[in-house]
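Engineer: Please see the structure below; I have some questions.
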Amino acid sequence: MNFIKPFIISGIIFLVLDICWLFFANKKIYQTNIGNWMGDFKIVPAIIFYIIYLVALTFFVLMPGLEKNSVGYVLFSVALLGLVCYSTYDLTNLSSLKNWSLTVTIIDIIWGTFVSSLSN
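Residue numbers for the sequence shown follow this note's numbering, beginning at 1188 and rising by one.
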């Protein structure tokens, strides 16, 4: 199967959900817990993250899942990849940054697992 089609479809779903989450649903939690660390939104690093993450989701999860014709494989694998990637970021911050929030860590890991699953 073509790599581009699942990449674009999952990318659109992921971006719409994540933008809604970051700018509307979860904004107060971030402001309350890490607001003094937050700066202006930088679009280039965000775009780079989304491209890298969506390439990984498509390459490591969607393409093998489509080849296996297994929804169960895709659902489990994409949730696991979301858990691993978001945990890497959040737990590294929690372990190394003086004022990083446990609340943000927990919520962000749950969100990363959830949004990854929904987008695929």
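We treat Cβ as the ideally placed atom computed from N, Cα and C, and that holds for glycine. Keep in mind the model is a prediction, meaning the values are calculated, not measured.
For the candidate residues Gly1198, Val1291, Tyr1217 and Ser1288, whose alpha-carbon lies nearest to that of tyrosine 1240?
Structural biologist: Walking along the sequence shown from the start, residue 1240 turns up at place 53. Of the listed residues, the one whose Cα sits closest to tyrosine 1240 is Gly1198.
Engineer: Please state if the CB of glycine 1222 and the CB of asparagine 1307 are separated by a distance shorter than 9 Å.
Structural biologist: On the sequence shown, residue 1307 is found 120 positions in, with the first residue counted as 1. On the sequence shown, residue 1222 is found 35 positions in, with the first residue counted as 1. No, the Cβ-Cβ distance between asparagine 1307 and glycine 1222 is not below 9 Å.
Engineer: Report the residue from Val1265, Ile1230, Lys1255 and Gly1226 whose alpha carbon sits nearest the alpha carbon of alanine 1243.
Structural biologist: As a working mapping, residue 1243 is identified with position 56 in the sequence shown. The shortest Cα separation from alanine 1243 among Val1265, Ile1230, Lys1255 and Gly1226 belongs to Val1265.
Engineer: Among Thr1245, Ile1230 and Pro1232, which one has its Cα closest to the Cα of isoleucine 1200?
Structural biologist: Position 13 of the sequence shown, counting from 1, holds the residue named residue 1200. Selected option, being the one with the closest Cα: Thr1245.
Engineer: How big is the Cα-Cα spacing for isoleucine 1206 and leucine 1270?
Structural biologist: The count along the sequence shown starts at 1 and reaches residue 1206 at position 19. The count along the sequence shown starts at 1 and reaches residue 1270 at position 83. So the two alpha carbons sit approximately 19 Å from each other.
Engineer: Alpha carbon to alpha carbon, what distance is there between valine 1248 and threonine 1300?
Structural biologist: The residue you call residue 1300 lines up with position 113 of the sequence shown. The residue you call residue 1248 lines up with position 61 of the sequence shown. Looking at the two C-alpha atoms, the distance is approximately 14 Å.
Engineer: Does DSSP put lysine 1229 in a helix, in a strand, or in coil?
Structural biologist: As a first step, residue 1229 is located in the sequence shown; it is residue number 42 there, counting from the start. Of the three classes helix, strand and coil, the one that applies to lysine 1229 here is coil, per DSSP.
Engineer: Can you say whether tryptophan 1298 is buried or exposed, counting buried as having 16 or more other CB atoms within 10 angstroms of its CB?
Structural biologist: In the sequence shown, counting from the first residue as 1, residue 1298 sits at position 111. The residue in question, tryptophan 1298, is buried, as its Cβ has 16 or more Cβ neighbours within 10 Å.
Engineer: From lysine 1192 to lysine 1215, what does the alpha carbon distance come to, in whole angstroms?
Structural biologist: The residue labelled residue 1192 in the question sits at position 5 within the sequence shown. The residue labelled residue 1215 in the question sits at position 28 within the sequence shown. The straight-line gap from Cα to Cα measures roughly 35 Å.
Engineer: What does the Cβ neighbour count give for isoleucine 1227, buried or exposed, with the cut at 16 atoms within 10 Å?
Structural biologist: Here residue 1227 is taken as the residue at index 40 of the sequence shown, counted from 1. The residue you asked about is not isoleucine; residue 1227 is aspartate in the sequence shown. It counts as exposed.
Engineer: Start and end of the alpha helix (DSSP H) containing leucine 1270?
Structural biologist: Taking the sequence shown and counting its residues from 1, the one referred to as residue 1270 is at position 83. Its alpha helix (DSSP H) spans residues 1258-1283.
Engineer: The alpha helix (DSSP H) spanning leucine 1204 covers which residue range?
Structural biologist: Translated into the one-based positions of the sequence shown, residue 1204 becomes position 17. It spans 1191-1207 - the alpha helix (DSSP H) in which leucine 1204 sits, taken as one unbroken run.
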